[in-house]
Every structure is written in structure tokens, then in C-alpha cells.
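Asks: Supplied in C-alpha cells, the structure appears directly below.
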Amino acid sequence: MIWAAIIMSGLATFLMRFLPLSLLAGWQMPASWRRALNFVPASILAAIIAPAVLMPEGSLMLADNLRLPAAIVAAAIALRFGSVLATLLGGLGFIWLFGLL
Amino acid sequence: MPARNSQKTSSRAREFGIGILDELPLQIGVFPFGLVFGIAGLAAGLTPLQVCALSCILFGGASQIVFAQMVGAGAPFAVVTGSVAAINLRHLLYGVAIVDYLRHLPLSWRIVLGYLLTDEAWAISMRRFRSQPASPVMHYHLLGAGLTLWVCWQVSTLAGVLLGATIPDELQLGFAVPLTFIALIVPAIKRRAESLAALSAGAAALLLQDLPFNLWLIASALIGIGVGIMTSRFDQPEQDR
């Protein structure tokens, strides 16, 4: 049964990745759609980031939560340098420095 | 025409290589995520084979964590599958956004690139596609980025299964996930409407956590997109792309 869940989940996920590439291949997107799709990365990634930073244990934690300052440091690095490498090293470095010491 | 052929081969290889190089730094975030999933999968009672099979068949980090957590909590399998589907609904939007660049490809290519279409590969290749003039070999960038992530994901899952609970919680490896997305999104936000979209999607994600079937992710994303559309009229026209 657990294998059935694995395969069904995998199939559903593959179809959601593949169907737009298949069904929409011959479709010309209206310009208004294209403008709306410009907001997809910012919206989805922010919706993943916010709970992962602010709710590390399932409920809102604004104090005593090292992820918050570490995320701010990482965002500042990303904004200033635009480098993926520097952002990841800065964020992980911050949380290790202040979390492990 | 050997000369022309080799030229085309080299531009394919170049695009493929740039895809790998663009994707590589992100693996600093992906690898710990794979470790975390490997550990979480075993902790939820999955067998090592099932954990690795999830990484191959499902190949979607956030949804794999949800799968493991829900199986561990004894949820019915239909509910587990529904939650995985809800978390992964966002890929429909990724596909709609990227199909413009892939529509000329044969079916076999679209199957492979569809399978490899993850958050990180999609985001990094969309950046490339938008910033470069259209070329008939640009999809090799997504292939390079997607395969890089795929290999790293399989290896890190396996490492998590093998190392298991010997990795201390204090390392905060789970934090690598939001960090990866911060690295992707912060430099990409150029307009006021985009930052408003991100802020409202983030706030919605905090408020909607309790929606059934993990629908909070797609609901928050749609709210962000809606706010972006509504506020884009306040952006300066010359900032509009």
C-alpha cells in the first residue's frame, strides 16, 4: 500500500510538471497572462520561505529564533551581491556561528 | 557538414555546461535538504528502499517531507497523495511560465525536462532564458541544471539514509531550504509590485497553514500573484518588462 502511495504521488507530480509542456505547446499565451506569470517566482518562493523561517517548529516564533536574523543577513547578502554561493554560506555561517557557540 | 555539426554540438555542450555551473552553488542548500529528507523518511518508518524510491519517483523535496510526515502520523494514503499533489500544484504554474521556451521540442525532450522541472532548476533556467536571446539549444541549460539537481538529490538522500540520526539537530540543516529560495528570489525582485506580491504571499502562507490538504502553498502563491497584478499599475512604466 505504501508503494501505491509512492507511485500515485509520483505520477500526480510528474503530470503536473509535464502536462503544461504538453497541452499548452501549441497555445499562444495572451500578454496579460505573461504579466501575471512574472509574479510566480516571487509569490511561490516567498510562500515557502516565510513559514520555514518564522515557524520553525510549527507556530510563529519571532523571538529566540536564530533563523530570523540569519535569513535577514542572507537576504542582505543576496541583495548586495546577487551571489547564490555567498548567500548560502552567509546564512548557514551565521546560524552555525551563533547556534553552536 | 562536419564543421557546422561540431559548432552546433559545442553550443549545446556550452549551454549544458552553463546550466550545470549555474545550478551548482544551489547544491549547498539542496544537499542538506536531501540529508534531512533521508533522515526524516527513516524516522517516519519508511524503509531505506522506499526513501530512495521517493527521491527517484516523486523527486520533489518539500512534498517528500510532507509524504514522510503524514505516513509517520498514520494518515490514510489517499490523503497523503492528495497533500503531495496540493504541494506540487505550483509546478503547473512553472510549466505555464516556461512552455514558451520549450514548445518547439519533441515529446521525448518535454517528458525528460518535465520530470526534471524542480523549483531550483526552473528558477535558474528561467533567469537564463529571459536574459539571453532565444536560441535553438537553450533547453540544454535546463537539462544541465535539472540533472545537476537530480544527481545531488539522489546522492544526498542516500547519504541521509546511511548517516541517519548521527547528524546533530544543532546543524539546522532544514534551514538550508528557505536559504536556497532566498538566494534565488531576493536578487530577482526588481519592481515594487514584485516585492508586494512576495510580502503578501509570505504573510498568507503564515496565516493559511491550517488549510486542509496542505493547500496553503498554492493558495498563498495565488494571493501573491493577485496582489502583484493589482499593484503593478503603481509601478513606473519604464520598469515594466
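Heads up: the protein sequence lines correspond to chains A and B, in order. Residues in the first sequence are numbered consecutively from 394, following my numbering. Residues in the second sequence are numbered consecutively from 355, following my numbering. In this text, a Cβ means the ideal position worked out from N, Cα and C, and glycines have one as well. This structure is a prediction, so every number in the text was calculated from the model and none was measured.
Where does B:D376 fall in DSSP's three states?
Replies: Helix at B:D376.
Asks: Chain A partners of B:R482, CB-CB under 8 Å?
Replies: Those do not exist, as B:R482 stays about 13 Å from chain A at its closest Cβ, beyond 8 Å.
Asks: Could you check whether the Cβ of A:L490 sits closer than 9 Å to any Cβ belonging to chain B?
Replies: Taking Cβ atoms only, chain B never reaches closer than 9 Å to A:L490, which makes this a no.
Asks: Under 9 Å between C-beta atoms, does B:F421 make it to chain A?
Replies: For B:F421, the answer is yes, since a Cβ of chain A falls inside 9 Å of its Cβ.
Asks: What is the DSSP secondary structure of A:P449, counted as helix, strand or coil?
Replies: Three-state DSSP puts A:P449 in coil, outside helix and strand.
Asks: Does the Cβ of A:G484 have 16 or more other Cβ atoms within 10 Å, making it buried, or fewer, making it exposed?
Replies: Looking at its Cβ environment, which holds 16 or more other Cβ atoms inside 10 Å, A:G484 is buried.
Asks: Look at the Cβ atom of A:L414, then the Cβ atom of B:L467, and state whether they are nearer than 9 Å.
Replies: Contact: yes.
Asks: Counting Cβ pairs, one atom from each stretch, are 3 or more of them under 8 Å apart for the segment 375 to 384 of chain B and the segment 530 to 548 of chain B?
Replies: Counting Cβ pairs under 8 Å, three or more are found: they touch.
Asks: Between which residues of its own chain and B:G582 is the CB-CB distance below 6 Å, once the five residues before and five after are set aside?
Replies: These residues qualify, in order along the chain: A547, A551.
Asks: Would a check of beta-carbon distances place B:S549 closer than 9 Å to chain A?
Replies: So yes, B:S549 belongs to the interface.
Asks: With a threshold of 9 Å between beta-carbons, can B:Q526 be considered close to chain A, or not?
Replies: B:Q526 counts as touching chain A.
Asks: Do you know offhand how far A:S402's Cα is from B:Q508's?
Replies: Using only the alpha carbons, I get a separation of about 18 Å.
Asks: Would you tell me roughly how many angstroms separate the C-alpha atoms of A:T480 and B:G426, rounded to the nearest one?
Replies: Roughly 33 Å between the two C-alpha positions.
Asks: Which of the three DSSP states is assigned to B:F421 in this structure?
Replies: Note: B:F421 maps to helix in three-state DSSP.
Asks: Please classify B:Q381: does DSSP put it in a helix, a strand, or coil?
Replies: The answer is helix: DSSP assigns B:Q381 an H, G or I state.
Asks: With DSSP run on the structure shown, which of helix, strand or coil describes A:A439?
Replies: Reduced to three states, the DSSP call for A:A439 is helix.
Asks: If we ignore side chains and look at the alpha-carbon of each, how far apart do A:L417 and B:V450 end up?
Replies: Each residue's Cα considered, the two are about 7 Å apart.
Asks: Return helix, strand or coil for B:K544, following the three-state DSSP convention.
Replies: B:K544: coil per DSSP, three-state reduction.
Asks: Within 10 angstroms of its Cβ, does A:S425 collect 16 or more other Cβ (buried), or is it exposed?
Replies: It is exposed - the Cβ of A:S425 has fewer than 16 other Cβ atoms within 10 Å.
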